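Encoded as structure tokens, the structure appears first; notes follow it.
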Amino acid sequence: MKRQQLTARFAACVSTAAIAFLGGSCEVGAASPGEPVTIYLDGSEVLVLEPSDVTAPLDLLKHLGVAPEDVRYAELRAPDETPIRTPEPLQKYPKRRLAAFPVADGIGVGWVDLRLGELPTALDGVPPVSFAPATEVRLRTLDVERAAGTVEKLPLRVVVGEQSFEYATKDLNALNRFGPAQALGLDGGRQAQSGVPLSSLVQSALERASVTLDDVEAAIASGPDGEVRLEASELAEKTTRAAAIKRNRKGLWRLKTWAREGDAAVERDGLRGVDRIEILLK
901 MKRQQLTARF AACVSTAAIA FLGGSCEVGA ASPGEPVTIY LDGSEVLVLE
951 PSDVTAPLDL LKHLGVAPED VRYAELRAPD ETPIRTPEPL QKYPKRRLAA
1001 FPVADGIGVG WVDLRLGELP TALDGVPPVS FAPATEVRLR TLDVERAAGT
1051 VEKLPLRVVV GEQSFEYATK DLNALNRFGP AQALGLDGGR QAQSGVPLSS
1101 LVQSALERAS VTLDDVEAAI ASGPDGEVRL EASELAEKTT RAAAIKRNRK
1151 GLWRLKTWAR EGDAAVERDG LRGVDRIEIL LK
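Residues 901 to 1182, numbered by the numbering used here, are exactly what the sequence shown covers, in order.
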């Protein structure tokens, strides 16, 4: 599929029935309120849907020209919500389709039940596995995952100012290890599953660069799927947002973050395929 930004332009507004159900309003000829939804495929932005574009449930994979069996995972995102990540969605939801649909305050995205093998023209309510509204959809195909398993397992590059350092798995394993719960001031650790704390990696790189955490503004982990930014205050051993990194079974570096909610460490955003961590200095 040719990678380019596609923006569907539909002229109608949401149906009267949908407006009544959702408690919204829409004047004839006026754009629906709310934020757009950005679709990423294998790390590249390929589609931006405005609320006025979505007047009925829209099959996103069909619209993108992607076969359902080629999707390795789909991740839905919404503000202040834990992303909904679905591995092998065709196996998990064989009778559902990933669809965008109109809601009163933007665009909803979720897994919609088929009716007689097709998407319904209208929904009776918000699907159970969805965000309404949503802001991002991130898709990765099987071909990318298969290719990842054949490439050389490269070290992780950490950049501090103008200096660059490389870390192999054995280098990270030699660093201090503690779980996200401890970093968030909770009991326990889950260190085996969590990987190496990002704070330990940052401290190691800072020592090699002869700078201190006081000199740091933030750290940005980046890869084909995007980036995750952590402020300097989130890179200390005791923090409000814990992060850890490890190499997964495909040989890719993966970053996970957690936040404290009450007496529990709750997983928040993450990033698979990290190839660089840049430590920004003040």
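For every residue, glycine included, the Cβ atom is placed at its ideal position computed from N, Cα and C. Just so we're clear, the structure is a prediction, and the values are computed from it rather than from any experiment.
Contacts around residue i, its chain only, beta-carbon distance under 6 Å, and the 5 residues preceding and following it disregarded
{"i": "D970", "result": "T1041 and L1042"}
{"i": "V1029", "result": "G1010 and W1011"}
{"i": "P989", "result": "V971 and A974"}
{"i": "N1076", "result": "S1100"}
{"i": "R1176", "result": "R1057 and S1122"}
{"i": "I984", "result": "L976"}
{"i": "R1147", "result": "T1069 and W1153"}
{"i": "V928", "result": "A caution first: V928 carries a pLDDT of 30, below 50, which makes its placement in the model unreliable, though a value can still be read off. Nothing meets the Cβ criterion."}
{"i": "V1059", "result": "E1178"}
{"i": "E1131", "result": "A1118"}
{"i": "P1080", "result": "S1094, A1142, W1158 and A1165"}
{"i": "R1129", "result": "A1118 and I1120"}
Proximal residues to residue i (C-beta, below 7 Å), its chain only, five neighbours per side dropped
{"i": "P1033", "result": "G934, E935, A978, V1003, D1005, G1006, I1007 and G1008"}
{"i": "V1102", "result": "A1119, L1135 and I1179"}
{"i": "D942", "result": "R1040, T1041, V1044 and P1124"}
{"i": "R1115", "result": "With the sequence shown as reference, residue 1115 is identified as Asp, and Arg is not the correct amino acid for it. Result list for D1115: L1181 and K1182, in chain order."}
Same chain, Cβ closer than 8 Å to residue i, neighbours up to 5 away in sequence not counted
{"i": "A1092", "result": "Unreliable positioning characterises A1092 in this predicted model, as indicated by a pLDDT of 44, which lies under 50. The coordinate reading is nonetheless provided below. Around A1092: no qualifying Cβ."}
{"i": "A917", "result": "Low confidence applies here, because A917 scores a pLDDT of 33, under 50, leaving its location unreliable; read the following figure in that light. Once the five neighbours on either side are set aside, the close Cβ partners of A917 are A1022."}
{"i": "T1139", "result": "A1083, L1084, S1099 and S1133"}
{"i": "L1086", "result": "R1160, D1163, A1164 and A1165"}
{"i": "V1026", "result": "V1003, G1008, G1010 and A1032"}
Rounded Cβ spacing between residue i and residue j (contact assumed at less than 8 Å)
{"i": "V1037", "j": "L976", "result": "6 Å"}
{"i": "L960", "j": "L998", "result": "5 Å"}
{"i": "E1117", "j": "L1181", "result": "6 Å"}
{"i": "L1000", "j": "L1072", "result": "Looking at the sequence itself, residue 1000 is Ala, so the reference to Leu does not match. So it is not a contact: roughly 39 Å between Cβ atoms."}
{"i": "E1062", "j": "P1055", "result": "With 8 Å as the limit, E1062 and P1055 do not qualify as a contact, their Cβ atoms being about 19 Å apart."}
{"i": "P968", "j": "P1020", "result": "Contact flag wrong, Cβ pair sits at about 18 Å."}
{"i": "V1170", "j": "K1053", "result": "First, the residue type needs correcting, since residue 1170 is Gly and not Val in the sequence shown. G1170 to K1053, Cβ: 20 Å. No contact."}
Assigned exposure category for residue i - 16 Cβ within 10 Å defines buried
{"i": "I1179", "result": "buried"}
{"i": "S1133", "result": "exposed"}
{"i": "A1163", "result": "According to the sequence provided, residue 1163 is Asp. The question's Ala does not apply to it. Its Cβ having fewer than 16 others within 10 Å, D1163 is exposed."}
{"i": "S1094", "result": "buried"}
{"i": "S952", "result": "buried"}
{"i": "S1064", "result": "exposed"}
{"i": "L1016", "result": "exposed"}
{"i": "G965", "result": "exposed"}
{"i": "R1141", "result": "buried"}
{"i": "Q1172", "result": "Checking the sequence shown, residue 1172 turns out to be Arg, not Gln. When all chains shown are included, R1172 counts as buried."}
{"i": "T955", "result": "buried"}
Beta-carbon gap between residue i and residue j smaller than 9 Å
{"i": "L1098", "j": "A1143", "result": "yes"}
{"i": "T986", "j": "K995", "result": "no"}
{"i": "T982", "j": "R1168", "result": "yes"}
{"i": "S1122", "j": "V1174", "result": "yes"}
{"i": "F1078", "j": "E1137", "result": "yes"}
Original post:
Taking three-plus beta-carbon pairs below 8 Å as touching, is the region 1106 to 1119 in contact with the region 1158 to 1170?
Top reply: no
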